[in-house]
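In full-length UniProt numbering, the protein residues as written are 1 to 445.
Every residue, glycine too, gets a C-beta built ideally from N, C-alpha and C.
These numbers were taken from a predicted model, which means no experiment stands behind them.
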Amino acid sequence: MLYLPTEILECIASWLDTQRDINSLVQTSRRFLPLSKFLYRRNAEESGSSALGWAAAHQMEQTARKAIEAGARSGEALWICARHGDEYMARYLVSVEGMELNFKDEDIGATPLLMAASCGYEYLVRLLLETGDVEVDARDHNDRTALLSAAHAGHASIVKLLLDTGKTEINLGGDCSSKPLQWAIMEGRDSVVKTLLDSGKVEIDLKDNLGRTPLSRAAYWGHESVVKVLLDWGKVDINSRDDYGITPLLRAAKWGHAAILQLLLESGEAKVDAKANDGHTALSLAAEGGHEEIVRLLLDWGNISVNATDYKFGRTALAWAAVQGFENIVGLLLQSGQADINARAYDGSTPLLLASRLGHLKVVELLLNTDHVDTDARANDGSTPLSLAAEGGHDAVMKLVLNLGRVDLLAGESRLQSPSSPLSPLMSHDYDLITKRWSHIPGSY
Numbered sequence: 001m002l003y004l005p006t007e008i009l010e011c012i013a014s015w016l017d018t019q020r021d022i023n024s025l026v027q028t029s030r031r032f033l034p035l036s037k038f039l040y041r042r043n044a045e046e047s048g049s050s051a052l053g054w055a056a057a058h059q060m061e062q063t064a065r066k067a068i069e070a071g072a073r074s075g076e077a078l079w080i081c082a083r084h085g086d087e088y089m090a091r092y093l094v095s096v097e098g099m100e101l102n103f104k105d106e107d108i109g110a111t112p113l114l115m116a117a118s119c120g121y122e123y124l125v126r127l128l129l130e131t132g133d134v135e136v137d138a139r140d141h142n143d144r145t146a147l148l149s150a151a152h153a154g155h156a157s158i159v160k161l162l163l164d165t166g167k168t169e170i171n172l173g174g175d176c177s178s179k180p181l182q183w184a185i186m187e188g189r190d191s192v193v194k195t196l197l198d199s200g201k202v203e204i205d206l207k208d209n210l211g212r213t214p215l216s217r218a219a220y221w222g223h224e225s226v227v228k229v230l231l232d233w234g235k236v237d238i239n240s241r242d243d244y245g246i247t248p249l250l251r252a253a254k255w256g257h258a259a260i261l262q263l264l265l266e267s268g269e270a271k272v273d274a275k276a277n278d279g280h281t282a283l284s285l286a287a288e289g290g291h292e293e294i295v296r297l298l299l300d301w302g303n304i305s306v307n308a309t310d311y312k313f314g315r316t317a318l319a320w321a322a323v324q325g326f327e328n329i330v331g332l333l334l335q336s337g338q339a340d341i342n343a344r345a346y347d348g349s350t351p352l353l354l355a356s357r358l359g360h361l362k363v364v365e366l367l368l369n370t371d372h373v374d375t376d377a378r379a380n381d382g383s384t385p386l387s388l389a390a391e392g393g394h395d396a397v398m399k400l401v402l403n404l405g406r407v408d409l410l411a412g413e414s415r416l417q418s419p420s421s422p423l424s425p426l427m428s429h430d431y432d433l434i435t436k437r438w439s440h441i442p443g444s445y
């Protein structure tokens with residue numbers, strides 16, 4: 001068989017059924033190596049040119065050329081080059097007539113252009129665009145385009161390349177949150193945001209499905225550099241309200257982004273007392289969330305309604321800080337001299353009542369150390385700071401209130417036997433301190 005004419009050997013190879021059979025024949029003798037072209041041809045016909053893909057993955061140019069000569073044109077090889085940044089092999093592949101430039105892989109449905117854009121290979125993106133035959137806005141299985149992927153990954157130069165083609169839709173997608181600008185903002189890609197704004201094609205105040213503008217989302221994610229880019233652009237609605245009535249300032253306050261709050265305040269346009277749909281202000285949100293630095297910023301800024309109340313509970317910022325037990329914030333609000341220490345919520349509770357009920361000892365101590373706190377304040381149900389502390393088993397708070405010596409244990413004496421009496425919850429406590437306090441009341445026994 002070694003001495004058979006080449007024509008007969010080729011005829012034999014062409015009649016073999018599988019690639020394995022052809023490969024076995026080729027491997028038997030160097031005399032049969034020229035028959036490998038049949039192996040490449042069968043591979044191109046039956047296996048999607050896997051040999052070409054293997055050659056690209058291993059940077060085997062000679063193998064790639066043999067596969068191409070055998071008719072392989074699968075774009076998988078080009079996709080592999082795009083994934084690994086292989087410019088040399090990619091240049092050869094795009095020069096091949098009939099190469100599948102818009103091939104999509106099975107896993108994510110990405111084209112070579114989308115893959116190169118996502119990975120940040122600018123030279124490959126440029127190479128693919130120069131062919132003039134790539135689908136610039138081809139989508140993968142997750143509806144992402146090359147522009148979306150580049151924006152998300154922060155590749156500003158690639159974003160500009162894609163925009164300069166004039167073939168990509170910058171506002172592609174139904175939901176605003178799926179647009180390049182929103183993706184760049186979510187990831188804090190300030191250079192991409194600026195590139196998109198410079199294109200003049202984005203709507204800077206376009207709202208997403210929750211009514212949030214790009215500025216509102218940047219404030220939410222805490223990306224200071226992005227907020228600065230948007231504010232410097234000068235055409236942004238700084239007081240835009242989302243579906244919950246939350247402005248960028250409110251969002252920064254809620255999530256504790258002090259640097260962003262400072263930027264918004266210094267713009268001179270942000271409404272510091274804006275209220276969300278539930279009545280919360282920036283100050284009350286910061287107080288409830290324990291964001292001490294933001295509370296300090298807002299108080300120092302001035303011109304703020306310290307005693308504004310929310311619509312659901314009717315609580316002030318001081319009340320919210322008392323509920324959460326944030327003694328530092330309670331201290332800041334008291335030091336401002338503007339907080340109404342006896343402000344009553346819808347249920348009649350004051351900051352002292354709320355702190356006593358929840359056992360926040362440090363907060364109770366701060367409130368009791370002020371001159372005007374009402375130690376005998378009653379909620380709508382008749383409960384007092386002392387009775388609430390007793391009900392909750394907060395012994396330390398009880399002792400603190402009693403030691404102060406300003407509690408009227410006989411307040412509402414005619415109701416001493418009712419559940420609303422301040423003494424009722426104390427009946428189950430056997431404290432020497434209570435006995436001593438009781439003995440100092442005229443007429444007691």
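Enclosing alpha helix (DSSP H) for residue i [first to last residue]
i, result
"L210", "Premise fails: L210 is in no alpha helix (DSSP H) and is neither H nor E."
"Q262", "258–266"
"S118", "112–119"
"I158", "156–164"
"G289", "282–289"
"H84", "76–84"
"A146", "146–153"
"Y88", "87–94"
"H344", "One point to set straight first is that residue 344 is Arg, not His, in the sequence displayed. Careful: R344 lies outside any alpha helix (DSSP H) and carries neither H nor E."
Cβ neighbour criterion (16 or more within 10 Å) applied to residue i
i, result
"T316", "buried"
"H155", "buried"
"Q335", "exposed"
"D164", "exposed"
"Y220", "buried"
"G98", "exposed"
"Y121", "buried"
"A345", "buried"
"D140", "buried"
"R217", "buried"
"L297", "buried"
"A396", "exposed"
"D300", "exposed"
"T168", "buried"
"S118", "buried"
Beta-carbon proximity of residue i to residue j, cut-off 7 angstroms
i, j, result
"residue 448", "V159", "Examination of residue 448 is not possible in this model, given that the chain is present from 1 through 445 alone."
"D243", "L210", "yes"
"V272", "I304", "yes"
"F103", "E130", "no"
"L367", "L352", "yes"
"A90", "L114", "no"
"L133", "L162", "Looking at the sequence itself, residue 133 is Asp, so the reference to Leu does not match. No; because the gap between Cβ atoms is not below 7 angstroms, this pair is not in contact."
"W233", "L197", "yes"
"P385", "V401", "yes"
"S284", "W320", "yes"
"V226", "I170", "no"
"A253", "A282", "yes"
"H152", "E203", "no"
"L354", "V323", "yes"
Through-space distance from residue j to residue i, alpha-carbon basis
i, j, result
"H394", "G359", "5 angstroms"
"N142", "W183", "14 angstroms"
"V94", "S149", "22 angstroms"
"L215", "K179", "14 angstroms"
"Y123", "D137", "18 angstroms"
"S29", "I108", "Reliability of the predicted coordinates at S29 is poor, the pLDDT of 42 falling under 50, and the value obtained from them is presented with this limitation in mind. If you take the alpha carbons of S29 and I108, they lie about 42 angstroms apart."
"R357", "H372", "20 angstroms"
"A287", "G314", "15 angstroms"
"N239", "L127", "44 angstroms"
"L206", "T213", "6 angstroms"
"E292", "H257", "11 angstroms"
"R144", "K194", "21 angstroms"
"G279", "E224", "26 angstroms"
C-beta neighbour in chain C for residue i, strict 7 angstroms
i, result
"R217", "Of the chains in the structure shown, none is chain C; there is only one protein chain."
### Task
Report yes or no: do three or more beta-carbon pairs, one from the stretch 330–339 and one from the stretch 377–387, lie closer than 8 angstroms?
no
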